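First the structure, in the form of structure tokens, and then the observations on it.
2 protein chains.
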Amino acid sequence: MGTKERRKREIEEMRLEIIEAAVQLFLTDGYENVSMRKIAQQIDYSATAIYKYFANKEEILIHLLKHGYAIFLTCLKEGVADCKSRNPGERLKASLYAYIDFGLKHPEYYRLIFVENLHQLQKVMTEEDDRVRGFVLLTEMVMAAMNEGVLKKHDAHMAAQSLWASLHGITSLLITFPDFHWHEKEGFIDFQVNSMIKGLT
Amino acid sequence: MGTKERRKREIEEMRLEIIEAAVQLFLTDGYENVSMRKIAQQIDYSATAIYKYFANKEEILIHLLKHGYAIFLTCLKEGVADCKSRNPGERLKASLYAYIDFGLKHPEYYRLIFVENLHQLQKVMTEEDDRVRGFVLLTEMVMAAMNEGVLKKHDAHMAAQSLWASLHGITSLLITFPDFHWHEKEGFIDFQVNSMIKGLT
DNA sequence: AATATTAGTTAACAGTGTTAACTGCATTGA
DNA sequence: TCAATGCAGTTAACACTGTTAACTAATATT
Chain H
1 MGTKERRKRE IEEMRLEIIE AAVQLFLTDG YENVSMRKIA QQIDYSATAI
51 YKYFANKEEI LIHLLKHGYA IFLTCLKEGV ADCKSRNPGE RLKASLYAYI
101 DFGLKHPEYY RLIFVENLHQ LQKVMTEEDD RVRGFVLLTE MVMAAMNEGV
151 LKKHDAHMAA QSLWASLHGI TSLLITFPDF HWHEKEGFID FQVNSMIKGL
201 T
Chain Z
1001 MGTKERRKRE IEEMRLEIIE AAVQLFLTDG YENVSMRKIA QQIDYSATAI
1051 YKYFANKEEI LIHLLKHGYA IFLTCLKEGV ADCKSRNPGE RLKASLYAYI
1101 DFGLKHPEYY RLIFVENLHQ LQKVMTEEDD RVRGFVLLTE MVMAAMNEGV
1151 LKKHDAHMAA QSLWASLHGI TSLLITFPDF HWHEKEGFID FQVNSMIKGL
1201 T
């Protein structure tokens, strides 16, 4: 009888309930203030009950990261999709803006994924379809732009890594140091994106 | 009689002893593994004794940051000083390389200063001579390069911020994600620095 | 010499992640 | 149907964390 199947579903439901509570707490209180006891309290269980569903706190973190990374990919793809132009240079530019926008719109997730737990990224992505991973997406756009003559022909992987570095730089600095006397934000971002493209031309 | 003076010196000595122990522990064990009790143990005092000399752990952190930032400035200035050329473009380039080198040579300090506690930077620098602050240094080199016609004339502050962003990007990514399939390091850094300069040309 | 100051101590609080031992209920096998 | 097993969820506890309060003992001031 399907009692085993049902049990499996119940476990999955409980896991979901736990990570939902974790996500909610994380978004309101910030990750460093999310404790096992607080998660448990949120769903009316004892803290140790969680350990029947997750080996430890890190496993919950991984799910948080997955959640954020999914939002990240959506933002990236939407950013490119919203770009009317068929010009691969314009489309590349759109993806660069989309990356920064994700960071500014979801600073907690950006910090969690790209600043505090970058070393976990492999673990977060392993189950994803390769074609959908952020860096692959960027590399493809760079290749297209090179083939079209919009960018000078370099090693596309290195060029994409260079772009990522510059994107990560401006995004993480704007997020983690908002009180610095930055130039007016929009103008600064435009300047950075244009410089990045020009640097590869 | 100088008993007050002596006492003052004793206090300063004790503070020094504490932050020296903190620095040592930090460099061997990493900051997140440095606790008040471990610092105290290192200098044969009880943990609570430290609170007679520092208000809390954050005050010790600030001193750690100051220590690291002094090393950072030294590296930056040495990097420029070692540059034989008088060409402001070359000298700017030397400072960019020096920034990245500092990060790679002192990853723990780079993380502590520029990743985990960037918002404290103001506090770390307030007492320093303005002319010696890292960002001012960079801005001056950018201005010189612009005046010499090596870089196109933009807003020098924004250009310097853009350079900083790109530098921070590659440095922090290399440090916090060493296992990523980066292009061969030296070549990647060269590529990034050249792209950055070209982007401002 | 009596008093006040204070460096350094221990005990304690409130919190953290996590493990061990236990309870009571639900499913299983005879 | 009844005993046996498995296991979800509990409480208690451990070894930590930063930090405060109360105390001791030695020093400095009057």
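Protein chains in written order, with this note's numbering: chain H, 1 to 201; chain Z, 1001 to 1201.
Heads up, the beta-carbon is just placed ideally off N, CA and C, and yes, glycines get one too.
Nothing here was measured: the structure is a model prediction, and the numbers come from that model.
As for any alpha helix (DSSP H) of minimum length 4 sitting wholly inside the stretch 133-188 of chain H, the runs are 134-147, 156-176, ordered along the chain.
Beta-carbon to beta-carbon, H:N117 and H:L76 are separated by about 19 Å, too far to satisfy the 8 Å threshold. Within chain Z, the residues placing a beta-carbon under 8 Å from that of H:T176 are V1115, L1118, H1119, ordered along the chain. Scanning H:I197, H:T28, H:A49 for the CA closest to the CA of H:I11 turns up H:A49.
Under the three-state reduction of DSSP output, Z:K1084 falls in the coil class, being neither helix nor strand. Chain Z places no beta carbon closer than 8 Å to that of H:I62, leaving this residue out of the contacts.
Taking the Cβ atoms as the reference, H:F72 lies roughly 7 Å from H:I113, within the contact range of under 8 Å. Residue contact check for H:D101 against chain Z: no CB pair falls below 8 Å. Taking H:G103 as the centre and dropping the five residues before and after it, the same chain places the C-beta of Y110, F114, T171, S172, L174, I175 closer than 8 Å to its C-beta, in chain order. Nearest to H:M36 by alpha-carbon distance, out of H:D29, H:S46, H:T28, H:L27, is H:S46. Residues of chain Z whose Cβ lies closer than 7 Å to the Cβ of H:F26 do not exist, since the nearest Cβ in that chain is about 18 Å away. Each residue's CA atom was taken as its position, placing H:T74 and Z:V1136 some 39 Å apart. Look at Z:G1169: its C-beta is under 8 Å from a C-beta on chain H. Contact annotation, Z:L1167 with Z:L1096: C-beta distance approximately 6 Å; criterion of less than 8 Å satisfied. Z:V1115 carries a helical assignment under DSSP once its states are collapsed to helix, strand and coil.
The three-state reading of DSSP puts H:D101 in helix, counting H, G and I together. Between H:H154 and H:L200, the gap from beta carbon to beta carbon is short of 8 Å. At a cut-off of 8 Å, the C-beta of Z:D1179 has a neighbouring C-beta in chain H. Distance from Z:H1181 to H:D179 at the Cβ level is roughly 35 Å; contact not present, criterion being Cβ atoms closer than 8 Å.
Residue-level contact check: Z:G1199 touches chain H, since one or more beta carbons of chain H fall below 8 Å from its beta carbon. The C-beta of H:S35 comes no closer than 8 Å to any C-beta of chain Z. The Cβ atoms of H:M146 and H:A156 sit closer than 8 Å to each other.
Taking the CA atoms as reference points, H:G30 sits about 36 Å from H:K84.
Here H:Y51 is exposed, its C-beta having fewer than 16 other C-beta atoms within 10 Å.
For the stretch 1126-1157 of chain Z, the residues whose beta carbon sits under 9 Å from a beta carbon of chain H are, in order, F1135, H1154, D1155, H1157. The beta carbon of Z:L1025 is closer than 7 Å to those of V1034, K1038, I1039, Q1042 in its chain, skipping five residues each way along the sequence.
Z:A1098 and Z:V1080 do touch by the CB rule: their CB atoms are close to 7 Å apart, below 8 Å.
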